[in-house]
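Let me begin by presenting the structure, written as structure tokens, before commenting on it.
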Amino acid sequence: MFRRLPDAPVLTVSIAVDGLEVSARAGETVAAALLAAGFGAFRTTGVSGASRGPYCMMGVCFDCLVAIDGVGSRQACLVQVREGMRVETQRGRRPVGS
Amino acid sequence: MTAEFDVAVVGGGLVGAALAWGIARAHQRVVVLDEGDIAHRASRANFALVWVQSKGLGMPDYAAWTKRSSDAWEDLAQQLKQNAGIDVAFSRPGGFTLALSEAELEARAHLLQRLHNQPNMVRYPYEMLDRAALLQRLPRIGPEVVGASYCPLDGQCNSLRLLYALHTGMRQLGAEYRAKHVVHAIDYQNGEFILRNTSAAVRAEKVVLAAGIGNARLAPMVGLRAPVRPQRGQIVVTERVERFLEHPLVTIRQTDEGTVMLGDSQEEAGLDESVGLGVTAAIASRAMRMFPLLGSLNIVRTWAGLRVMTQDGFPIYDESSSRPGAFLATCHSGVTLAAAHALVLAPMIAAGSLSADLDVFSARRFDVQTAA
Amino acid sequence: MSGPLIKDRYELAVIGAGPAGMAAAITAAEIGVDTIVLDEQATPGGQIYRAIGETPLRDPAILGEAYWKGTTLLEAFHASAAQYVPQATVWTASADGEIGVSVGGSVRMLKAKRMILATGALERPFPIQGWTLPGVMTAGAAQILLKSAAMVGNGRVVLAGTGPLLWLIAAQYLRAGGTFAAILETTLRGNIARSLPFLPAFLRSSYLREGFELVSEVRRSANLVRSVIALRAGGGDRLTDVTYRTGGGLEVTVRADMLLLHQGVVPNVNLALALGCQHTWNETQLCFTPALDAWGQSSVATVAIAGDGAGIAGAVAAEERGRLAALGAAFQLGHLDKVTRDRMAAPHQGALRQAQRGLRFLDRLFRPAKRFRLPRGQTLVCRCEEVTARQVRDAAAMERIGPNQLKAYLRCGMGPCQGRLCGLTVTELLADAHGVSPDEIGYYRLRPPVKPITVGDLASLPKTAADIAAVERS
């Protein structure tokens, strides 16, 4: 859905997304990293189960919610990637104890 | 000349809407006169419990009325599903009141004992549970919870959907609804009532005052009294979570939507509906002690509602003797009593008078008794 | 200048670090006002100057001159004595200056004698069928990804909508090597006639040259379709195609991997409304704007509002409003006398007028069409709670209700976004249904938290004995 421009800086950060290793650029948001890696949908809603992906990229729409390092419902567009971060797409209602 | 309407109900909240629905069901022409969009509306701010457990200390008739409503609630829910096409998510799995200390548990046990020992108290089951027994039923309680009281008659619903269902249903049954129609004066001429606002007048043979806090102002217009005061309660609600709680607790419940509601507070704050951080912090803190898993959940909204409180906390149901055909209904348990209002009280009003067993709820009980 | 330690008290709290926030902080700090800037983003710039200190884009020509103007502001901001706290989300503020902020994984309160809200704008909702499909984003989102992550859309990208930013974003994309399968312009033909009375001012403004260049640039390179009167996104669990119709009548479906929507920006009003700042409906800009005096002072004595949150007027106007709000605050705080304040303000008042010249023309030319503001049928109005236009219209047909009663009936506005993506749609749908103005309808009642905080966070805040007694009564 998105591609990185050819002369964009090198990707030096490694994160895990639903168990898959994904390379990211230091300083970019989790949402950007996921989109560049081909993840168009980040979650399914707790209302109807519909697929949702980022819409606004600025913290307003709450559609980019993922679990980061075990904490659910984080806005991926507001969190910067960190080496070793574990990201999980969120299916339906947030799991209890997450 | 016949009045436009058989009944004018002042107030479109849960009390007014339940009564209007019931009266419309009895094939009478009803109009509901309601406020505008920004209004106190306890109906939009409550905890949605259909609660029996500890009600009626000081008035056993209230316990009986409450139980009667709870027993009739499933019927109301079914009727609303049919007539309005809306499922109000009623369930009666039984409810708990948790104790966070031995002192709290003992106090609770004593309260319930006194309640059930009252003369003429309606009988229904309840249990006091110690921690071990409680863990069987609520495995996710926190380490500070020492026990609880449980009553199988306690339940919950989706009270916002209930309000929508009553409004939709009453409309289906031919009732009319007028928003932004705050009543300023009620005149009584030739056996009918004329309710005036700034621009219009509505004529009805009977009038029901169900305007919550507004009843205090309106009641004298029909020769009645409604000594009510606002009592603020604050609520916190979370994002949707996987189901972990089927049973309602008096201060924590998981809605049919999956969100978790946390309550509640009792504050004498006049008409101030602003949210107080300190109080909501106390609510959150106590809730976390009961269910530690709540800590990581995101809060999506907080709000404050104004309960419509009488001196003794019990409802007022009255009919006017100086203005026959004028009725008044007020309570702070509009959700629990919705069934009684819709299925028992409404037919009485449609028929023209309240039955004698509701005399105990008259505001006359607040008058100072004078020696004969 | 940036330090992790937040004090308990400040004279001035600036919320937001876009052009208005930065300018306000610079001016206030220069005068000696003890200032803190609380910014939800990780680096200053807001949205319009997003990533300005560190965009990974190598070629400066991509983003254009107007963007790079922000560098001067950024440098002055970094050099100022104002305390800058990034990744600090303000979730509550009260009229007496109590601010609740989430930062570093926990929440805390701080107190400010005065506040300047510079929370900017957000994209106007663009409710079309399928707008919640993965692959549909705002044009602004694409711009953020370009600026902050040097990314462009892959595959077949369709851009749709109206407004000056549409052309800017299209031009930036094309310069970066992005391509568009189609650009679908929804600008109403009739708007040209309605905007003509304001043309002279526009001709004298700087927007004329910039705008003309952008539009020419885009038209040379892209497949542009004008007068689009119907638009929908199709797909199962992600976007696969876009269907549109022009005034000519025929429906066209194009395959699409991405759809970028834009029909202008509107003030981000949530914090201001939760604070109790009075807002009124602006019929020209089709949104609610705060009631402000010449210093940006709102109806709440301790609160001023600057930038696009005060009314959409762009980056340069935002900067000037920020400076004026800071001067106003400095005067209120006793750092300046009236004469000095007015003297310092004069050049900024002039620059503000200059920056606003020509805007009324743009407002009218790019006024979004009613059909794209008032959805029908199964199109979602509230994305969070998945409430359809049909449900809203049915409820409105049944009773003359307002947005808060509607919220109670249908849950729209009850989700985490708190009406940011549905509030205007609901207000306009109700106004349309009841035949009254949006001002009469009003808006959702907003309360804290304006951004979510956890139960644990809330529980950690200070409580008085009275607070506890109100809760632990049994």
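Residue numbers (numbering that gives the first Met the number 0), protein chains in the order written: chain A, 0 to 97; chain B, 0 to 371; chain C, 0 to 473. The beta carbon of each residue, even a glycine, is placed where N, CA and C say it ideally should be. Nothing here was measured: the structure is a model prediction, and the numbers come from that model.
query	result
Any idea which residues DSSP pairs F287(C) with across the strands?	W280(C)
Taking three-plus beta-carbon pairs below 8 angstroms as touching, is the region 40 to 50 of chain B in contact with the region 95 to 110 of chain B?	no
Quick check on DSSP: helix, strand or coil for C76(A)?	helix
Quick check: the Cα distance between G99(C) and T88(A), rounded to an integer number of angstroms?	29 angstroms
Could you tell me the distance, in whole angstroms, from the CA atom of A430(C) to the CA atom of P402(C)?	10 angstroms
Can the beta-carbon of A7(A) be found closer than 8 angstroms to that of P55(C)?	yes
If I follow the unbroken beta strand (DSSP E) through L292(B), where does it start and stop?	Neither: L292(B) is in no beta strand (DSSP E) and is coded neither H nor E.
Would you check if there are 3 or more beta carbon pairs closer than 8 angstroms linking the region 208 to 224 of chain C to the region 29 to 45 of chain A?	no
Secondary structure at L137(B), three-state DSSP: helix, strand or coil?	coil
Which residues bound the alpha helix (DSSP H) around V425(C)?	422 to 433
In the DSSP assignment, find the beta strand (DSSP E) that holds A147(B) and state where it starts and stops.	146 to 150
Given 7 angstroms as the limit, tell me if Q331(C) has its C-beta closer than that to any heavy atom belonging to the ligand NAP.	In terms of ligand content, the structure shown is empty, and the ligand NAP therefore cannot be addressed.
Quick one: which chain C residues come within Cβ less than 8 angstroms of D62(A)?	T131, R382
Where in the region 318 to 398 of chain C do unbroken runs of the beta strand (DSSP E), each at least 3 residues long, occur, reported from the N-terminal end onward?	379 to 381
With a cut-off of 8 angstroms on the beta carbons, I'd call L162(B) and A303(B) a contact; round off their distance for me.	The pair is not a contact, with the Cβ atoms about 18 angstroms apart (cut-off 8 angstroms).
Mind reading off the beta-carbon distance from L208(B) to V221(B)? Whole number of angstroms is fine, and I expect it under 8 angstroms.	7 angstroms
With H, G and I counted as helix, E and B as strand and the rest as coil, what does DSSP make of Q117(B)?	coil
For V240(B), count neighbouring C-beta atoms within 10 Å of its own C-beta (all shown protein chains included) and say buried if the count is 16 or more, exposed if not.	buried
Give the C-beta separation of T34(C) and Q86(C) to the nearest angstrom, bearing in mind that I take them to be a contact with Cβ-Cβ under 8 angstroms.	Not really, about 18 angstroms apart at Cβ, beyond 8 angstroms.
Per DSSP, F1(A) forms a beta bridge with which residues?	G152(C)
On the three-state DSSP scale, how would you describe S53(B)?	coil
Any beta carbon of chain B sitting closer than 8 angstroms to that of R42(A)?	no
So with Cβ pairs under 8 angstroms, would you call L33(A) a contact of chain C?	no
If we count Cβ pairs, one from each stretch, closer than 8 angstroms, do we get three or more for the region 257 to 267 of chain B versus the region 282 to 299 of chain B?	yes
Please specify which runs of the alpha helix (DSSP H), each continuous and at least 4 residues long, are wholly inside the region 23 to 75 of chain C, giving them in chain order.	64 to 67
Using the rule of at least 16 other Cβ atoms within 10 Å of the residue's Cβ for burial, across every protein chain shown, is K66(B) buried or exposed?	buried
When you compare only the Cα positions, how much space is there between L152(B) and M287(B)?	26 angstroms
Counting only C-beta atoms, is P415(C) closer than 8 angstroms to chain A at any point?	yes
If you follow the beta strand (DSSP E) that L259(C) is part of, which residue opens it and which one closes it?	257 to 262
May I have the straight-line CA-CA distance separating G11(B) from V435(C), to the nearest angstrom?	22 angstroms
Would you decide whether D336(C) is buried or exposed? Buried here means 16 or more other CB atoms lie within 10 Å of its CB.	exposed
So which residues of chain C does G173(B) contact, with C-beta pairs closer than 8 angstroms?	Here the premise fails: no neighbours, minimum Cβ distance about 13 angstroms.
In terms of alpha-carbon separation, which member of E122(C), E29(C), M150(C), S205(C) lies closest to Q284(C)?	E122(C)
Closer than 7 angstroms by beta-carbon distance: list the chain C residues that pair up with P8(A), in chain order.	P55
By how many angstroms is the C-alpha of P133(C) removed from the C-alpha of T335(B)?	43 angstroms
Go to T245(C), then tell me how far its beta strand (DSSP E) extends in each direction, as first and last residue.	238 to 245
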